[in-house]
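Under UniProt numbering, the first residue of the sequence shown is numbered 6, with each subsequent residue one higher.
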Amino acid sequence: LTGRFQMALRRLTGKAKLTENDIDEMMREVRLSLLEADVNYKVVKEFTEDVKVLAYGEKILKGLKPGEQVVKIVNDELTKLMGEETSEINLKTNDMTVMLMVGLQGAGKTTTAGKLANFIKNKHNKKPMLIAADVYRPAAIEQLQTVGQQLGIEVYQEGLIDPETIVKNGLKYAKEQAYDLVIIDTAGRLHIDDSMMDEIQKIEKLSKPDEVLLTVDAMTGQDAVNVAETFNKALNLTGCILTKLDGDTRGGAALSIRKMTGVPIKFSGTGEKLEDIEVFHPERMASRILGMGDILSLVEKATQEIDEEEALSMMEKMMTGKFNYNDLLKQMKMIKRMGKFSGILKMMPGMKSLGNMDKVDDKQLEYIEAIVGSMTEEERKKPELINRSSSRRNRIARGSGRSYSEINKLVDMLEKQQTLMRRMQGMNPDSLQNMAQG
Ligand code: GDP
Ligand code: MG
6 LTGRFQMALR RLTGKAKLTE NDIDEMMREV RLSLLEADVN YKVVKEFTED VKVLAYGEKI
66 LKGLKPGEQV VKIVNDELTK LMGEETSEIN LKTNDMTVML MVGLQGAGKT TTAGKLANFI
126 KNKHNKKPML IAADVYRPAA IEQLQTVGQQ LGIEVYQEGL IDPETIVKNG LKYAKEQAYD
186 LVIIDTAGRL HIDDSMMDEI QKIEKLSKPD EVLLTVDAMT GQDAVNVAET FNKALNLTGC
246 ILTKLDGDTR GGAALSIRKM TGVPIKFSGT GEKLEDIEVF HPERMASRIL GMGDILSLVE
306 KATQEIDEEE ALSMMEKMMT GKFNYNDLLK QMKMIKRMGK FSGILKMMPG MKSLGNMDKV
366 DDKQLEYIEA IVGSMTEEER KKPELINRSS SRRNRIARGS GRSYSEINKL VDMLEKQQTL
426 MRRMQGMNPD SLQNMAQG
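Laid out in structure tokens, this is it:
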């Protein structure tokens with residue numbers, strides 16, 4: 006290996022670990038920060054205790070101070086707690102989907118019912134209808150009708166009769182009119198009371214909703230947990246929508262609710278306008294709750310460096326001429342994470358042979374994973390086995406459900422990279438960099 010790469014590779018080793026002291030010091034700040042964000046105190050206590058155990062003995066990333074490393078761990082754990090990935094909304098493909106909006110008065114049910122209907126209509130090509138089942142204030146029905154008019158979405162209502170009848174008739178009507186999504190707006194109270202729960206339970210029973218969505222005002226603060234727990238005991242909540250995140254609340258309710266009830270947060274409301282709704286992103290929310298943006302951007306940089314180290318070690322492997330399909334798959338995943346033109350990846354040989362894959366999207370990666378997954382371990386490690394045998398290629402095509410020509414493309418890709426690597430051996434870094442483009 007050339008000196009420059011050796012030097013870079015050396016950075017991989019010799020890292021310090023977090024001590025109890027490091028952790029305690031930073032945890033005080035973290036605790037305050039979470040409490041400031043209105044995270045429920047029980048959640049804060051439990052969470053910080055869990056993280057302490059997790060953090061102890063963790064490696065400190067290059068370029069970070071121990072305290073900053075603790076913040077990274079806290080942020081990662083917050084993200085994990087809130088679900089890591091965005092939760093999918095439950096939509097039937099061949100039948101009518103029914104959603105029930107529940108929550109306290111003023112939480113944003115009526116507004117969000119409209120937002121959601123419109124969002125799903127546009128994004129998933131559904132034909133939605135709204136049912137007005139809040140019969141305690143005449144204004145509530147009018148409000149939903151106004152929302153419906155603005156969006157061009159039909160609102161079913163029968164005035165101030167009993168809500169069960171409205172829902173029953175509304176669902177029947179929606180079926181007849183071939184609507185495939187019905188969102189039911191219900192009444193809330195200022196505080197939880199039994200008669201309200203009783204009524205919603207009855208509506209839940211007769212409408213058999215695919216989603217029961219609890220709408221919570223993000224500014225609810227410490228009380229959010231009680232609200233969510235009570236609703237979750239009485240109903241089969243499938244998700245939560247956090248509204249009014251456009252305010253300056255840090256949104257600690259998201260964490261409290263998720264941790265105490267396990268109900269996933271599915272959407273967030275970010276304004277009064279009917280397009281102000283977003284799919285909930287746990288990672289963004291974690292940073293917001295933690296409120297340590299500066300440290301987190303430092304952490305991001307350090308994490309990027311880790312990726313670069315990984316890329317370097319892969320490069321070392323490529324230069325020994327042992328690049329195989331397992332490595333190719335790893336490389337694709339790395340490109341997906343980092344982008345083809347980021348730092349070290351630009352220096353990798355054969356980047357151009359990947360064609361116009363500036364970004365690897367999920368689908369591409371999925372196909373390549375399927376193809377490599379249909380190879381035997383021996384084939385993955387000895388690509389030449391596949392090069393020589395069309396019956397192997399055929400078998401891989403069948404196994405992966407991809408076309409024969411796609412298999413050939415992948416085989417070509419690997420071959421090109423191997424050729425490049427052979428030519429690279431013994432070159433100096435500057436000409437290597439030139440080659441990487443070619
Ligand atoms: P409901 O009583 O649960 O049906 O709540 P509403 O839908 O009537 O909403 C109560 C108030 O909150 C209304 O003034 C809405 O405009 C407002 N609202 C709802 N969602 C949001 C949001 O995401 N951001 C902001 N700023 N206001 C919201
Ligand atoms: Mg309402």
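In this text, a Cβ means the ideal position worked out from N, Cα and C, and glycines have one as well.
Continuous beta strand (DSSP E) stretch holding residue i: start and end
i	result
Gly-274	270-274
Asp-222	216-222
Ile-246	244-248
Thr-102	102-107
Where the alpha helix (DSSP H) containing residue i begins and where it ends
i	result
Gly-119	114-129
Asp-203	199-212
Ile-28	25-41
Asp-251	Neither: Asp-251 is in no alpha helix (DSSP H) and is coded neither H nor E.
Thr-225	Run containing Thr-225: none; DSSP gives neither H nor E here.
Gln-369	367-378
Rounded separation between residue i and residue j - CA only
i	j	result
Lys-207	Glu-169	7 Å
Leu-317	Ala-259	39 Å
Arg-342	Leu-303	18 Å
Arg-263	Asp-203	24 Å
Gly-157	Ile-125	14 Å
Pro-388	Leu-415	11 Å
Asp-29	Leu-333	42 Å
Asn-242	Arg-385	Residue 242 is actually Leu in this sequence, not Asn. For Leu-242 and Arg-385, the distance between alpha carbons rounds to 46 Å.
Lys-150	Ile-188	In the sequence on display, residue 150 carries Gln and not Lys. Roughly 13 Å separates the two Cα atoms.
Glu-234	Met-337	43 Å
Gln-11	Asp-215	With a pLDDT of 48 at Gln-11, under the threshold of 50, the modelled position of this residue cannot be trusted; read the value that follows with caution. Approximately 57 Å, taken between the alpha carbons.
Lys-57	Met-32	8 Å
Ala-307	Lys-77	10 Å
Ala-402	Gln-309	35 Å
Ser-394	Arg-400	10 Å
Val-35	Asp-55	13 Å
Ala-179	Thr-248	27 Å
Lys-177	Leu-211	12 Å
Met-184	Ser-292	The identity of residue 184 in the sequence shown is Tyr, whereas the question assumes Met. C-alpha separation (whole angstroms): 39 Å.
Lys-327	Lys-50	50 Å
Ile-376	Met-104	39 Å
Gly-164	Leu-135	14 Å
Gln-162	Met-106	16 Å
Gly-252	Met-323	51 Å
Leu-39	Gly-257	7 Å
Gly-19	Met-101	With a pLDDT of only 39 at Gly-19, under the threshold of 50, the placement of this residue in the model should not be trusted; the figure read from the coordinates follows. Taking the straight line from one Cα to the other gives about 59 Å.
Ala-144	Glu-181	28 Å
Glu-209	Gly-406	42 Å
Ser-92	Val-217	14 Å
Thr-325	Leu-69	32 Å
Ile-246	Glu-305	28 Å
Glu-90	Ile-146	36 Å
Leu-109	Gly-88	24 Å
Ala-229	Lys-128	30 Å
Asn-392	Glu-371	22 Å
Thr-220	Val-268	12 Å
Asn-329	Lys-67	29 Å
Asp-43	Lys-22	31 Å
Any C-beta of chain C under 9 Å from that of residue i
i	result
Gly-111	Absent here is chain C; the protein component of the structure consists of one chain.
Would you list, in sequence order, the uninterrupted alpha helix (DSSP H) runs of no fewer than 4 residues that lie entirely inside the stretch 259-334?
Qualifying alpha helix (DSSP H) stretches, in chain order: 287-295, 298-324.
Please determine if the stretch 268-285 and the stretch 59-73 are in contact, where contact requires at least 3 C-beta pairs separated by less than 8 Å.
Output reads no: the stretch 59-73 does not touch the stretch 268-285.
Meets three-Cβ-pair contact criterion under 8 Å: the stretch 113-131 and the stretch 140-160
Yes: the two stretches touch, three or more of their Cβ pairs being nearer than 8 Å.
Return the chain-ordered ranges of every alpha helix (DSSP H) run that is complete within the stretch 130-197 and spans a minimum of 4 residues.
The qualifying runs are 143-156, 168-181.
For the stretch 130-143 and the stretch 184-197, state whether three or more C-beta atom pairs, one from each stretch, are separated by less than 8 Å.
Touching, per the Cβ criterion.
With a cut-off of 8 Å, do at least 3 Cβ pairs link the stretch 48-64 to the stretch 278-292?
They do not touch, by the three-pair rule.
Any 3 or more C-beta pairs closer than 8 Å across the stretch 103-115 and the stretch 310-329:
Segments in contact, no.
Say whether the stretch 306-317 touches the stretch 403-423, bearing in mind that this needs 3 or more beta-carbon pairs closer than 8 Å, one atom from each stretch.
No contact exists between the stretch 306-317 and the stretch 403-423.
Complete alpha helix (DSSP H) runs within the stretch 380-425 (minimum length 4 residues, chain order)
Under the rule that a run must span 4 or more residues, the alpha helix (DSSP H) segments found entirely inside the stretch 380-425 read 382-386, 389-393, 395-405.
Does the stretch 283-294 come close enough to the stretch 80-91 to have 3 or more Cβ pairs within less than 8 Å?
In short, these stretches touch, since the Cβ pair count reaches three.
At which residue ranges does the stretch 34-98 contain complete beta strand (DSSP E) runs of 3 or more residues, listed in the order of the chain?
Whole beta strand (DSSP E) segments, 3+ residues: zero.
Below 8 Å, can you find three or more Cβ-Cβ pairs linking the stretch 91-101 to the stretch 290-310?
For the pair of segments examined, the stretch 91-101 was found not to touch the stretch 290-310: the number of CB pairs separated by less than 8 Å stays below three.
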